[in-house]
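Student: First the structure, then my questions, so here it is.
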Amino acid sequence: MKVARFRAPGDIRIEDAPEPVAGPGELKIRVRNCSTCGTDAKIYKFGHHHIRPPRVMGHEIAGEVVDTGERVQVIAAIPCGACPDCEHGRMTVCPNQESMGYHYDGGFAEYMIIPAKVLAVNGVNAIPSGVGFAEASVAEPLACVLNGQALARVGTGDDVVVMGAGPIGCLHVRLARARGAARVFLVDVNTDRLAMAAELVRPDAAIDADPVEQVLKLTGGRGADVVITAAAAGAAQEQAVLMTARQGRISFFGGLPKDDPFIRLDSNLVHYRELTIVGANGSSPGHNAEALRLIAEGAVPVADLITHRLPLSRVLDGIGLVSQGAAIKVTIEP
């Protein structure tokens, strides 16, 4: 079979590999779709401390169980299920967490093995009828968005700002609407990507410059109830604090580069406005199941966000499109 293997930063190769064999407690699937994300682009460029090459990449996975033909979606982040955090329902911050495409070979392959520990935490979900494989693969990033919005308490009547118009930002816009937000504003400095995203998700305003000034103007000087920074930019996090209303919530959803993780924060604004700042790290198996349900019910449409469908042989083209901001969602079809 063919696989896309990461061998070193800047070196991902399409290679031949023997078809894998499932061991005890494991599951073999025929991969039908494995979508790409910004993390794949970062791994291609810089590598990752959890990846020991060579490793088959890809963590937004949907396919068919080889033995039964069942259509399934697979979690990316694998909690241990046994530590104190997991036992208290905090699976997203499990200290023993592993990941598909990092610790285990992922979905940029024709076939793959799902480890027993994924099944042990209910990490394989049946795809509802009417949901395609490509849509199901988007359940994984939507699950991360669900976690972030739950932590930020996005709810009915909120004015929400989403900073970053990539696929995650688009999912945040749609989920915020599904959770009852009154208005959702989308911000991005990349005017072409912002226009492409706005055409699809129709925010109440698309902002490409002076976001603090524009948000305050749109909200009559009050600020937004929730600001979500779905961009790996310290400037976005600093601006978020300046545009949040009293008792508002800020989600630092996108992580910053490890060599530049610090921002300037006016802590008096946090103090006097009684702001809440939360992080968001991945998703749990439960979030994945909920994401599939929302997709199946049409509450969060995702099919139109998939702007490019490419064969495995063009995975580098797909990662390039993600890096350039020239696509919303790119899915690979091995």
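Each number in this note's numbering comes from the position in the sequence shown (counting from 1) with 7 added on.
Don't be surprised by glycine CBs; every beta carbon is placed ideally from N, CA and C.
All values derive from a computational prediction rather than experimental measurement.
#1: Straight-line CA distance for Ala310 to Tyr279?
#2: Would you kindly report the start and end of the unbroken alpha helix (DSSP H) that includes Gln254?
#3: With a 10 Å radius around its C-beta and 16 neighbouring C-beta atoms as the bar for buried, classify Asn132 as buried or exposed.
#4: What do you reckon, are the CB atoms on Pro268 and Gly289 nearer than 9 Å?
#5: Since Ile19 sits in a beta bridge, which residues does DSSP pair it with?
#6: Go ahead and pull the three-state DSSP assignment for Gln104.
#7: Below 9 Å between beta carbons: does that hold for Ile257 and Leu225?
#8: Which residue spans inside the segment 32-82 form an unbroken beta strand (DSSP E) run of at least 3?
#9: Per DSSP, what kind of secondary structure is His315 in: helix, strand or coil?
#10: Specify, as a first and last residue, the run of the alpha helix (DSSP H) that Gly293 falls within.
#11: Distance check for Ser136 and Asp266, CA to CA, integer angstroms please.
#12: Taking DSSP as the reference, what is the three-state secondary structure of Val277?
#13: For Thr163, name the three-state secondary structure that DSSP assigns.
#14: Secondary structure at Ala185, three-state DSSP: helix, strand or coil?
#15: Over the uninterrupted beta strand (DSSP E) stretch that includes Glu340, give me the two end residues.
#16: May I have the straight-line CA-CA distance separating Ala172 from Pro148, to the nearest angstrom?
#17: Once DSSP output is grouped into helix, strand and coil, what is the label at Asn129?
#18: Within 10 Å of its beta-carbon, does Val28 have 16 or more other beta-carbons around it, so buried, or fewer, so exposed?
#19: Assuming Ile214 contacts Val194 under a Cβ cut-off of 8 Å, what Cβ separation, rounded to an integer in Å, is found between them?
#20: Got a sec, what are the start and stop residues for the alpha helix (DSSP H) Met119 sits in?
#21: Just verifying my parser: in three-state terms, what is the DSSP assignment at Phe192?
#22: With distances taken from CA atoms, which of Asp166, Ala287, Ala83 and Phe259 is nearest Ala296?
#23: Kindly indicate which three-state DSSP category Thr236 falls into: helix, strand or coil?
#24: Let me make sure I understand the geometry here. Which of Phe260, Arg190 and Ile284 has the alpha-carbon closest to that of Leu249?
#25: At the level of alpha carbons, what is the spacing between Gly130 and Cys41?
#26: Which of the three DSSP states is assigned to Gly286 in this structure?
#27: Under the DSSP definition of a beta bridge, which residues are partnered with Met170?
Tutor: So, from the listed chains and residues:
#1: Position 303 of the sequence shown holds residue 310. Position 272 of the sequence shown holds residue 279. The alpha-carbon separation between Ala310 and Tyr279 amounts to approximately 43 Å.
#2: Mapped onto the sequence shown, residue 254 falls at position 247. Taken as a continuous stretch (DSSP letters only), Gln254 belongs to no alpha helix (DSSP H), being part of the beta strand (DSSP E) at Thr251 to Phe259.
#3: Residue mapping note: residue 132 aligns to position 125 of the sequence shown, counting from 1. Buried is the call here.
#4: Along the sequence shown, one-based indexing puts residue 268 at 261. Along the sequence shown, one-based indexing puts residue 289 at 282. Against a cut-off of 9 Å, the Cβ pair of Gly289 and Pro268 comes out as no contact.
#5: What you label residue 19 is simply residue 12 of the sequence shown in a count that begins at 1. DSSP lists Phe13 as partners of Ile19.
#6: Stepping through the sequence shown from its first residue, residue 104 is reached at position 97. Note: Gln104 maps to coil in three-state DSSP.
#7: Position 250 of the sequence shown holds residue 257. Position 218 of the sequence shown holds residue 225. Contact flag unset, no.
#8: Counting whole runs of 3 or more residues, the segment 32-82 contains the beta strand (DSSP E) stretches 34-42, 67-72 and 78-81.
#9: Along the sequence shown, read from residue 1 onward, the residue named residue 315 stands at position 308. Note: His315 maps to strand in three-state DSSP.
#10: For the purposes of this step, residue 293 is taken as the residue at position 286 of the sequence shown. Counting along the chain, the alpha helix (DSSP H) containing Gly293 begins and ends at Pro292 to Glu304.
#11: Residue 266 sits at position 259 when you count from the first residue of the sequence shown. Residue 136 sits at position 129 when you count from the first residue of the sequence shown. The C-alpha of Ser136 is placed about 45 Å away from the C-alpha of Asp266.
#12: Along the sequence shown, one-based indexing puts residue 277 at 270. Correct three-state label for Val277: helix.
#13: Taking the sequence shown and counting its residues from 1, one reaches residue 163 at position 156. Coil, per DSSP.
#14: Indexing the sequence shown from 1 puts residue 185 at position 178. If DSSP states are grouped into helix, strand and coil, Ala185 belongs with the helices.
#15: Stepping through the sequence shown from its first residue, residue 340 is reached at position 333. Secondary structure note for Glu340: its beta strand (DSSP E) is the uninterrupted segment Lys336 to Glu340.
#16: Taking the first residue of the sequence shown as position 1, residue 172 is located at position 165. Taking the first residue of the sequence shown as position 1, residue 148 is located at position 141. Approximately 14 Å between the Cα atoms of the pair.
#17: For the purposes of this step, residue 129 is taken as the residue at position 122 of the sequence shown. Taken through DSSP and simplified to helix, strand or coil, Asn129 comes out as coil.
#18: Position 21 of the sequence shown, counting from 1, holds the residue named residue 28. Around the C-beta of Val28, fewer than 16 other C-beta atoms lie within 10 Å, and the residue is accordingly described as exposed.
#19: For the purposes of this step, residue 214 is taken as the residue at position 207 of the sequence shown. For the purposes of this step, residue 194 is taken as the residue at position 187 of the sequence shown. The Cβ separation is near 5 Å, so the contact holds.
#20: Walking along the sequence shown from the start, residue 119 turns up at place 112. No alpha helix (DSSP H) holds Met119; the beta strand (DSSP E) holding it covers Tyr118 to Ile121.
#21: Translated into positions along the sequence shown, residue 192 becomes position 185. Phe192: strand per DSSP, three-state reduction.
#22: Position 289 of the sequence shown, counting from 1, holds the residue named residue 296. That would be Ala83, whose Cα lies nearest to the Cα of Ala296.
#23: In the sequence shown, residue 236 corresponds to position 229, counting from 1. Note: Thr236 maps to strand in three-state DSSP.
#24: Within the sequence shown, the letter at position 242 stands for residue 249. A check of alpha carbon separations from Leu249 across Phe260, Arg190 and Ile284 identifies Ile284 as the nearest.
#25: Taking the first residue of the sequence shown as 1, we reach residue 130 at position 123. Taking the first residue of the sequence shown as 1, we reach residue 41 at position 34. Near 16 Å, if we compare the C-alpha coordinates of Cys41 and Gly130.
#26: Position 279 of the sequence shown, counting from 1, holds the residue named residue 286. Here Gly286 sits in strand by DSSP.
#27: Looking up residue 170 in the sequence shown gives position 163. Looking at the DSSP assignment, Met170 forms a beta bridge with Val194 and Thr236.
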